[in-house]
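J.:
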Amino acid sequence: MLNLKFPYLFYGGDYNPEQWDEIIWDQDIRLMKKAGVNLVSLGIFSWSHLQPNENTFTFKWLDTIMTKLNDAGIFINLATPTAAQPAWLSQKYKEILPVNEYGIRLSYGSRQSYCPNSPVYKEFSSQIVRKLADRYKEHPGLILWHVNNEYACHNSECYCDVCITQFRKWLIKRYHTVDALNLAWGASFWSQKYYKWEEIILPKATTTAKNPGQVLDYKRFMSESHLKNYIMERDIIKKYTPNIPVTTNFLPGFKNLNYFKWAHEIDFISYDSYPDPAPGFKPSDPAMLHDLYRGLKHGKFFFIMEQAPNQVQWRDVNVCKPPGMMRLLSYQAIAHGANAILFFQWRQSRFGAEKFHSAMIPHNGRTDNRISKEVGMLGKELKKLEVLLDTHCISDVAIIFDYENWWSVENHMNPSNRIKYPEQIGYWYEQFYNKNISIDFVPQGMNLSQYKIVLAPLMYMVHPDAEKPILEFVKKGGIFITTFFSGVVDGTDTLFPQGSPGPLQDVLGIEVEEFAVMGRQMKNSIKANNTKIIYDTSLWCDIIKLKTAVSLAQFEEDYFAGAPAVTVNGYGMGKAFYFASLPDYKYTKIFLDGLLKEKNIFPALNCPPGVEVNFRKNNNDIYYFIINHTNSENSIQLSCKFFDLLNGITISGDIKIKAQDVKIFKKL
Ligand code: GAL
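So in the working numbering, the last spot in the sequence shown is 2150, and the numbers never skip.
Right, here's the structure in full:
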């Protein structure tokens, strides 16, 4: 049986011994032990070291390092090296290289320079995976498989001839007839009607706007093409080691893969967390991603497969993480459901494009520096937290998130290019975060009955299975909140015949007449009923006709002054709210305070602003995380007795939490 119960909270990172002389390996392992490392991800970019040519394989070095790690009690997360094929392979089989939208075949010399549909890539990658799985299937140190690396990070698109043929096959399977495809793509527009499958191409660079339906299907096709490669590797691995979990590290906030679909194929979620520590950093940003990735597998634990101990090297300006920040963000991830804190990478490279990226130890192997000391301290602390392994997060509030909606709502031919899906999700997420109310992320179509409040900001695309659970949820007493530009198109990016908000018209009790979008210089404001306070509003104003809903706030300016800006509709035992614009936070804060009170949703503990509180629980115990993101000491009043896990003491009453510090308590 697949074993998803791990013995430890894992701590460690990517380890690239092939960049170092063997002499360094023993030093590495000694220092890993000192730092509390219990897991390393090995061999991620090692293909050219494992296979010097078509007929030769060189596993000796990997045998040696795996034995050394295992002897030292460090577990191995063995990677398949398929994210970067060797030069000899690209040179001999040029068709493996991807083609960009202008028809230019890209060169090798970097990483992920392969077409995901290339049969040559598939053949050679499955061969190396088979060899690895066969060789190490009984290795005592092998505890996990890490397939490829950040799929589609650099090759999410390819426009080669193989992709065209595969795309056509994919379309035939989806639509069966060319007429059905013409309908789905709205091909009667601009003379795009097709008569034969062979006329259909990929959405390459063209004179002006591409067909949105075609682009959407291309994105689906590419996400599935990469997923097929993952499945291919996973299935090979499972034949040799059916009981060892297999995962792949997702990118943070990545748009081009439909991770909800991927999640079905993955034993557990792992992702790479790289928030920018530069001024302007908001702790709610990494928190939101943790919750989104936890939601991909309905609340199960996830791994932080990579994070930077200090600065990265790939931003324009790569600001350092100030003292304590790495530790605080690690605990924040655990508080949101992570069961592993891993880094990129163990030892800083001396060469290559990432030589200025921070690592757990610098290239010179010294540990008397700030970062290595922080790394060592965290490694020691995590050993006290193994009790958290079988606990999980619980929320009363959920946000519906949809990748295909993200792809389509940001199409540049929509009414405003100023709207960005993650920003709109973030607007709402941040307000719950600031109130220390935990949030789950769910896909469209999911049963929502476990929640009290469900939000679907900017739900432009409504899939056929999305309507029913929302209606059921509200009917049974749930609170549903959605916003402007929602319920606009179906799953083919075609406008709903009845207008917006499409299938949500009845539950929301409104119709939208106009999308009055706002430029940067434009202003409007809203006034709520029974108050004199006026709140600024920005970005967008839907001009609404009330059907059964009532208006809670009205626009103050422009030709639609007096029109509803926020509406509520009673539906069954619940209520559905519509925000026709993006009001100032102050308005939404008051609005949400009222709703949370009405639904009896409270933070786990009352804490001052800037102090984050979360909890994880199992059937017996509940653990609180108090994370002080501020630069000052804060006090918190505890109403009962707790055990402080990091300090090993029982506490109660008035407690102090230092600036940038964390407390983890078990309720007694
Ligand atoms: C990740 C990648 C790693 C490394 C790291 C640097 O995206 O998976 O291999 O490149 O970024 O931050």
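The beta-carbon is built from N, C-alpha and C at its ideal position, and this holds for glycine as well.
Measure the alpha-carbon distance for L1470 versus I1816 and round it to whole angstroms.
T.: The first residue shown for the chain is 1483 and the last is 2150, placing residue 1470 beyond what the model contains.
J.: For the ligand GAL, any of its heavy atoms closer than 7 Å to the Cβ of H1839?
T.: Residue mapping note: residue 1839 aligns to position 357 of the sequence shown, counting from 1. Yes, the ligand GAL has a heavy atom inside 7 Å of this Cβ.
J.: Counting C-beta neighbours from all protein chains within 10 Å, is the total for K1902 16 or more, i.e. buried, or is it exposed?
T.: Here the question's residue 1902 lines up with position 420 in the sequence shown. So K1902 ends up on the exposed side.
J.: Measuring alpha carbon to alpha carbon, tell me which of R1656, F1750, I2109 and A1760 ends up nearest N1485.
T.: The residue given as residue 1485 occupies position 3 in the sequence shown. Measuring from the Cα of N1485, the nearest candidate turns out to be F1750.
J.: At a threshold of 7 Å, does V1994 count as lining the ligand GAL (C-beta to nearest heavy atom)?
T.: Indexing the sequence shown from 1 puts residue 1994 at position 512. For the ligand GAL, not one heavy atom lies less than 7 Å from the Cβ of V1994.
J.: My understanding is that N2088 touches E2039, with C-beta atoms under 8 Å, so please give their C-beta distance in whole angstroms.
T.: For this step, residue 2088 is matched to residue 606 along the sequence shown. For this step, residue 2039 is matched to residue 557 along the sequence shown. N2088 to E2039, Cβ: 39 Å. No contact.
J.: Would you kindly check if the distance between the Cβ of P1580 and the Cβ of C1642 is under 8 Å?
T.: As a first step, residue 1642 is located in the sequence shown; it is residue number 160 there, counting from the start. As a first step, residue 1580 is located in the sequence shown; it is residue number 98 there, counting from the start. Yes.
J.: State the start and end residues of the unbroken beta strand (DSSP E) segment that holds A2010.
T.: Indexing the sequence shown from 1 puts residue 2010 at position 528. N2006 to A2010 is the span of the beta strand (DSSP E), which, as asked, contains A2010.
J.: Tell me the rounded alpha-carbon separation between G1585 and F1736.
T.: Here residue 1585 corresponds to residue number 103 of the sequence shown, with the count starting at 1. Here residue 1736 corresponds to residue number 254 of the sequence shown, with the count starting at 1. The straight-line gap from Cα to Cα measures roughly 25 Å.
J.: Using a Cβ-Cβ cut-off of 6 Å (strictly less than) and excluding sequence neighbours within five positions of G1973, which residues of its own chain qualify?
T.: Walking along the sequence shown from the start, residue 1973 turns up at place 491. Closer than 6 Å at the Cβ level, and outside the excluded window around G1973, lie H1945.
J.: Considering Cα atoms alone, identify which of A2045, R1809 and S1766 is closest to S2033.
T.: On the sequence shown, residue 2033 is found 551 positions in, with the first residue counted as 1. When only C-alpha atoms are compared, the closest one is A2045.
J.: Determine contact between the region 1913-1928 and the region 1755-1773, defined as no fewer than three beta-carbon pairs at a distance below 8 Å.
T.: With the cut-off at 8 Å, the region 1913-1928 and the region 1755-1773 touch.
J.: So is the beta-carbon of E1632 under 7 Å away from any non-hydrogen atom of the ligand GAL?
T.: The residue you call residue 1632 lines up with position 150 of the sequence shown. Within the cutoff, so yes.
J.: Taking 7 Å as the limit between beta carbons, can you name the residues of its chain near I1646, skipping five residues before and five after?
T.: Working through the sequence shown from its first residue, we reach residue 1646 at position 164. For I1646, where only same-chain residues beyond five positions count, the Cβ hits under 7 Å are I1683 and L1684.
J.: So T1964 packs on A1938, CB below 8 Å; how close in whole Å?
T.: Indexing the sequence shown from 1 puts residue 1964 at position 482. Indexing the sequence shown from 1 puts residue 1938 at position 456. With 8 Å as the limit, T1964 and A1938 qualify as a contact, their Cβ atoms being about 5 Å apart.
J.: Please classify V1799 as buried or exposed, where buried requires at least 16 neighbouring CB atoms within 10 angstroms.
T.: The residue you call residue 1799 lines up with position 317 of the sequence shown. It counts as exposed.
J.: Around the Cβ of Y2105, are there at least 16 other Cβ atoms within 10 angstroms (buried) or fewer (exposed)?
T.: By 1-based counting over the sequence shown, the position of residue 2105 is 623. Burial call: buried.
J.: Alpha carbon to alpha carbon, what distance is there between S1707 and T1562?
T.: The residue labelled residue 1562 in the question sits at position 80 within the sequence shown. The residue labelled residue 1707 in the question sits at position 225 within the sequence shown. Rounded to whole angstroms, T1562 to S1707 spans 18 Å at the Cα level.
J.: Quick check on F1838: buried or exposed, where buried means 16 or more other Cβ atoms within 10 Å of its Cβ?
T.: Locating residue 1838 in the sequence shown gives position 356, where the first residue counts as 1. Its Cβ having fewer than 16 others within 10 Å, F1838 is exposed.
J.: According to DSSP, simplified to helix, strand and coil, what is C1640?
T.: In the sequence shown, counting from the first residue as 1, residue 1640 sits at position 158. Correct three-state label for C1640: coil.
J.: Between E1620 and Y1590, what straight-line distance do the alpha-carbon atoms span, to the nearest angstrom?
T.: Here residue 1620 corresponds to residue number 138 of the sequence shown, with the count starting at 1. Here residue 1590 corresponds to residue number 108 of the sequence shown, with the count starting at 1. Roughly 34 Å between the two C-alpha positions.
J.: Three or more C-beta pairs closer than 8 Å, one from the region 1686-1695 and one from the region 1723-1731: is that the case here?
T.: At 8 Å Cβ cutoff, the stretches do not touch.
J.: Return helix, strand or coil for P1951, following the three-state DSSP convention.
T.: On the sequence shown, position 469 is the one that residue 1951 refers to. DSSP places P1951 in helix when its eight states are reduced to three.
J.: In whole angstroms, what is the alpha-carbon distance linking S1752 and S1673?
T.: Here residue 1752 corresponds to residue number 270 of the sequence shown, with the count starting at 1. Here residue 1673 corresponds to residue number 191 of the sequence shown, with the count starting at 1. Near 45 Å, if we compare the C-alpha coordinates of S1673 and S1752.
J.: Locate the beta strand (DSSP E) running through H1628, then write down its first and last residues.
T.: As a working mapping, residue 1628 is identified with position 146 in the sequence shown. Looking at the DSSP string, the run of the beta strand (DSSP E) that includes H1628 is L1624 to H1628.
J.: Three-state secondary structure (DSSP) at A2045?
T.: Taking the sequence shown and counting its residues from 1, the one referred to as residue 2045 is at position 563. Correct three-state label for A2045: coil.
J.: Tell me the residue span of the beta strand (DSSP E) that contains M1787.
T.: Numbered from its first residue, the sequence shown carries residue 1787 at position 305. M1787 -> beta strand (DSSP E) spans F1784 to Q1789.
J.: Looking at the ligand GAL, does it come within less than 7 Å of E1536, judged from the CB to the closest heavy atom?
T.: One-based indexing of the sequence shown puts residue 1536 at position 54. For the ligand GAL, not one heavy atom lies less than 7 Å from the Cβ of E1536.
J.: Quick check on the DSSP output: the alpha helix (DSSP H) that includes K1710 runs from which residue to which?
T.: Along the sequence shown, one-based indexing puts residue 1710 at 228. Counting along the chain, the alpha helix (DSSP H) containing K1710 begins and ends at P1694 to Y1722.
J.: Report back the beta-carbon spacing between A1615 and Y1712 to the nearest angstrom; my notes put them in contact at under 8 Å.
T.: Against the sequence shown, residue 1615 aligns to sequence position 133. Against the sequence shown, residue 1712 aligns to sequence position 230. Not a contact, Cβ separation roughly 15 Å.
J.: Between K1515 and the rest of its own chain, which residues show a CB-CB distance below 8 Å, the 5 nearest in sequence each way excluded?
T.: Reading the sequence shown from its first residue, position 33 is the one you call residue 1515. Cβ neighbours of K1515 beyond the five flanking positions: A1554, G1555 and I1556.
J.: Between the beta-carbon of F1492 and the beta-carbon of A1822, is there less than 8 Å?
T.: The residue given as residue 1492 occupies position 10 in the sequence shown. The residue given as residue 1822 occupies position 340 in the sequence shown. Yes, the Cβ-Cβ distance between F1492 and A1822 is below 8 Å.
J.: Among all the DSSP beta bridges, which residues are the ones paired with E2115?
T.: Locating residue 2115 in the sequence shown gives position 633, counting from the first residue. Answer by DSSP bridge pairing: none, since E2115 is not bridged.
J.: Which residues bound the beta strand (DSSP E) around V1970?
T.: Within the sequence shown, numbered from 1, the residue matching residue 1970 stands at position 488. V1970 -> no beta strand (DSSP E), and no H or E assigned at all.
J.: Return the first residue and the last residue of the beta strand (DSSP E) that S2063 is part of.
T.: Numbered from its first residue, the sequence shown carries residue 2063 at position 581. Where S2063 is concerned, the enclosing beta strand (DSSP E) stretches over S2063 to P2065.
J.: Go through its chain and collect everything with a Cβ distance to L2074's Cβ below 8 Å, but skip five positions before and after it.
T.: To locate residue 2074, count along the sequence shown from 1; it is residue 592. Correct list, in chain order: Q1913, F1914 and K1917.
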